[in-house]
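A.B. asks: Handing you this structure, nothing more for now.
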Amino acid sequence: MASRSPSPASDTSDSLQLDPSTLALLDSFLASKSDAQQRYAELEQAANGHEEKPMMSVDEYRAAFGEDWQLSQFWYSTKFATTLARSLRTLCDEDTSIAFLCCPTAFVAFQHTNPLPGARLLEVDQRFHVLAPKHYIPYDLDEPDDIPDALRGSVDIAVLDPPFLNETTNQKLAQTLKQILRPNAKLVLITSTSIETALRRIYAEPPLGPLRSTALAPEHGQLQNDFHCWGSWAGAEELGRGIDE
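Under the numbering used here, think of the first position of the sequence shown as 155, with each following residue one higher.
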């Protein structure tokens with residue numbers, strides 16, 4: 155049976171009207187999205203230039219880059235990212251090679267507060283190329299051996315936040331780490347305690363482990379999972395202790 159077209163009267167009476175508060179939230183969301191797109195376009199234009207710009211702050215980063223939940227992206231709070239950056243800096247000198255795998259917020263905070271020429275961001279989301287083109291390395295954890303030759307055996311410190319909370323993801327990341335870390339390197343691992351048993355098995359031998367709990371307490375804006383931070387070296391328990399924001 156063919157459906158009957160509504161009369162003008164019924165069409166008017168049945169039209170949907172958003173609650174004013176809902177409409178205000180929608181307007182705010184669309185305005186924020188537009189602002190973020192404009193900020194990203196400006197960053198992309200700047201990245202095409204030859205001059206390397208100072209790293210933006212974490213607050214600026216959070217405003218310019220939306221979380222892609224399909225890639226399991228959840229940004230750290232500004233407070234935690236800053237504390238992490240300052241804690242990591244205590245492990246570094248000017249010649250340290252430090253790699254951030256799947257944790258762009260940590261990279262931004264570190265390069266904003268403690269820029270080092272040897273810092274690298276390994277990340278599948280190529281939006282982050284605009285942050286620091288000379289420091290960005292495309293990285294797909296499903297291709298754990300696809301890494302630049304220059305990076306192999308060269309990293310002093312790796313900071314890792316696996317995007318997915320499962321054993322397979324961590325096995326692939328560990329496969330990459332074994333190829334890029336120096337024999338005496340340090341690993342900082344930030345992830346959920348829900349898979350701690352698997353973590354202690356995967357990150358068991360130097361330089362990946364054994365894992366020790368640090369003094370850092372991870373904070374995310376959108377997650378309620380119980381997250382923790384581990385280090386792979388003797389004395390890692392002190393990482394983050396006495397560090398002010």
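The C-beta atom is built at its ideal place from N, Cα and C for all residues, glycine as well.
None of these values were measured; they are calculated from a predicted model.
(1) On the criterion of 16 or more Cβ atoms from any shown chain inside 10 Å, does Glu297 qualify as buried, or is it exposed?
(2) Name the two residues that bound the continuous alpha helix (DSSP H) containing His283.
(3) Identify every residue that forms a DSSP beta bridge with Gly389.
(4) Going by beta-carbon coordinates alone, are Lys340 and Trp387 separated by less than 7 Å?
(5) Specify, as a first and last residue, the run of the beta strand (DSSP E) that Tyr215 falls within.
(6) Classify Pro160 as helix, strand or coil using the three-state DSSP reduction.
(7) Alpha carbon to alpha carbon, how far is Arg240 from Phe234?
(8) Taking Pro271 as the reference, which of Asp279, Phe261, Val278 has the closest Cα?
(9) Ignore the nearest five residues each way along the sequence and tell me which others in Asn268's own chain have a CB closer than 7 Å to its CB.
(10) Is Ser182 helix, strand or coil by DSSP?
(11) Using alpha carbons as the reference points, say which of Asp213, Pro258, Ala218, Tyr230 lies closest to Ala312.
(12) Is the CB-CB distance between Ile356 and Asn320 below 7 Å?
(13) Which value, in whole angstroms, describes the spacing of the CA atoms of Leu393 and Ile252?
(14) With distances taken between CB atoms, is the gap from Asp126 to Val278 smaller than 7 Å?
(15) According to the Cβ coordinates, are Glu391 and Arg366 closer than 7 Å?
(16) Is Ile334 closer than 7 Å to Cys383 when the C-beta atoms are compared?
(17) Return the bridge partner residues of Ala358 from the DSSP annotation.
(18) First and last residue of the beta strand (DSSP E) that includes Leu275?
(19) In three-state terms, what does DSSP make of Lys332?
C.D. replies: Well, looking at it:
(1) Here the question's residue 297 lines up with position 143 in the sequence shown. It counts as exposed.
(2) Sequence index remark: in the sequence shown, residue 283 carries index 129 (1-based). Counting along the chain, His283 falls outside any alpha helix (DSSP H), and DSSP gives it neither H nor E.
(3) On the sequence shown, position 235 is the one that residue 389 refers to. None; Gly389 has no bridge partner.
(4) The residue labelled residue 340 in the question sits at position 186 within the sequence shown. The residue labelled residue 387 in the question sits at position 233 within the sequence shown. The answer is yes: Cβ separation under 7 Å.
(5) To locate residue 215, count along the sequence shown from 1; it is residue 61. Looking at the DSSP string, Tyr215 is not in any beta strand (DSSP E); the run it does join, the alpha helix (DSSP H), is 212-218.
(6) Position 6 of the sequence shown, counting from 1, holds the residue named residue 160. Because Pro160 carries a pLDDT of 44, less than 50, the predicted location of this residue cannot be relied on, and no value is offered for it.
(7) Position 86 of the sequence shown, counted from the first residue, corresponds to residue 240. Position 80 of the sequence shown, counted from the first residue, corresponds to residue 234. Each residue's alpha carbon lies about 10 Å from the other.
(8) Against the sequence shown, residue 271 aligns to sequence position 117. Selected option, being the one with the closest Cα: Phe261.
(9) Within the sequence shown, numbered from 1, the residue matching residue 268 stands at position 114. Result list for Asn268: Ala239, Arg243, in chain order.
(10) For the purposes of this step, residue 182 is identified with residue 28 of the sequence shown, where counting begins at 1. Residue confidence is low: Ser182 scores 48 on pLDDT, short of 50, so the model does not pin down where it sits. Its coordinate-derived value is still stated next. Here Ser182 sits in helix by DSSP.
(11) Here residue 312 refers to the residue found at position 158 when the sequence shown is read from its first residue. The residue with the shortest Cα to Cα distance from Ala312 is Pro258.
(12) Here residue 356 is taken as the residue at index 202 of the sequence shown, counted from 1. Here residue 320 is taken as the residue at index 166 of the sequence shown, counted from 1. No, these two residues do not count as a Cβ contact at 7 Å.
(13) Looking up residue 393 in the sequence shown gives position 239. Looking up residue 252 in the sequence shown gives position 98. Using only the alpha carbons, I get a separation of about 16 Å.
(14) In the structure displayed, the chain extends from 155 to 399; residue 126 sits before or after that span and is not available.
(15) The residue labelled residue 391 in the question sits at position 237 within the sequence shown. The residue labelled residue 366 in the question sits at position 212 within the sequence shown. A contact, by the Cβ cut-off of 7 Å.
(16) To locate residue 383, count along the sequence shown from 1; it is residue 229. To locate residue 334, count along the sequence shown from 1; it is residue 180. Contact: no.
(17) Here the question's residue 358 lines up with position 204 in the sequence shown. DSSP lists no partner for Ala358.
(18) The residue given as residue 275 occupies position 121 in the sequence shown. Leu275 -> beta strand (DSSP E) spans 273-277.
(19) Residue 332 sits at position 178 when you count from the first residue of the sequence shown. In this structure, Lys332 counts as helix in the three-state DSSP scheme.
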